[in-house]
Amino acid sequence: MSRIKGVTPLDGYRLEIMLDNGSEIILNLESRLYTVRFGMLWTRSF
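Going by this note's numbering, 19 is the number at position 31 of the sequence shown; the sequence numbering is gapless.
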């Protein structure tokens, strides 16, 4: 199982996730902004 090595915030509520096996994942959180778990991300000043 790979582990997260680093995370970089990108424009448009996206995260670039770097794994210890050299893989990179772009995670788009925009569709989750109105959920309880990720709702605080909707406010950019947070």
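Think of the CB as a built atom: it goes at the ideal place given N, C-alpha and C, for glycine as much as any other residue.
Mind checking which residues open and close the beta strand (DSSP E) that includes residue i?
i: residue 24; result: That residue, residue 24, is in no beta strand (DSSP E); it is neither H nor E in DSSP.
i: residue 16; result: 12 to 16
i: residue 7; result: 2 to 7
i: residue -2; result: -8 to -2
Are residue i and residue j close, meaning C-beta to C-beta below 7 angstroms?
i: residue 3; j: residue 21; result: no
i: residue -8; j: residue 13; result: no
Identify which residue in the options has its Cα closest to the Cα of residue i.
i: residue -10; options: 18, 19, 23, 11; result: 11
i: residue 31; options: 1, -6, -4; result: 1
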